[in-house]
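Enquirer: Residue numbers (the working numbering): 122 to 205.
Backbone N, C-alpha and C define an ideal beta-carbon position, used for all residues, glycine too.
Quick one: structure below, then a few questions.
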Amino acid sequence: AAEFSFFLAVPTIAGATVLLLWKNRHSLDGGQMSAIAIGFAVSFVVALAVVKGFVAIVSRFGFAPFAWYRIIVGSAAMVWLLAR
122 AAEFSFFLAV PTIAGATVLL LWKNRHSLDG GQMSAIAIGF AVSFVVALAV VKGFVAIVSR
182 FGFAPFAWYR IIVGSAAMVW LLAR
């Protein structure tokens, strides 16, 4: 289910990217488009690796480590903000 929810976001992100590129099509040249294409490809490969790793962690440990992480970081942020 976790992997499915990650991949469910792909069409939304792709649609937003296409819309943004379409709106800025007049100010982009060939060099910029190739840089965008390379960035897209690298980001896609890295995202697949991260999703695979995240799903492996969630399958083994569940979501408890992430809950504790959020509690600890949130508490530290509140202490820092109140101490300012």
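#1: Please report the distance separating the alpha-carbon of Trp-143 from that of Ala-137.
#2: Rank Ala-170, Val-139 and Lys-173 by C-alpha distance to the C-alpha of Ile-157 and give the top, closest one.
#3: Please state if the CB of Val-172 and the CB of Glu-124 are separated by a distance shorter than 8 Å.
#4: Output the boundary residues of the alpha helix (DSSP H) element that contains Arg-191.
#5: In whole angstroms, what separates the C-alpha of Val-194 from that of Gly-160?
#6: Going straight from the alpha carbon of His-147 to that of Phe-175, what length do you get?
#7: If you drop the 5 nearest sequence neighbours on each side, which residues of the same chain put their C-beta closer than 6 Å to that of Phe-187?
Expert: Quick answer:
#1: If you draw a straight line from the Cα of Trp-143 to the Cα of Ala-137, it comes to about 10 Å.
#2: If we check each option's Cα against that of Ile-157, Val-139 comes out closest.
#3: In contact: Glu-124 and Val-172 (Cβ atoms closer than 8 Å).
#4: In this chain, the alpha helix (DSSP H) harbouring Arg-191 covers 185-204.
#5: Near 31 Å, if we compare the C-alpha coordinates of Gly-160 and Val-194.
#6: Their Cα atoms are separated by approximately 39 Å.
#7: Excluding positions up to five away in sequence, the list is empty.
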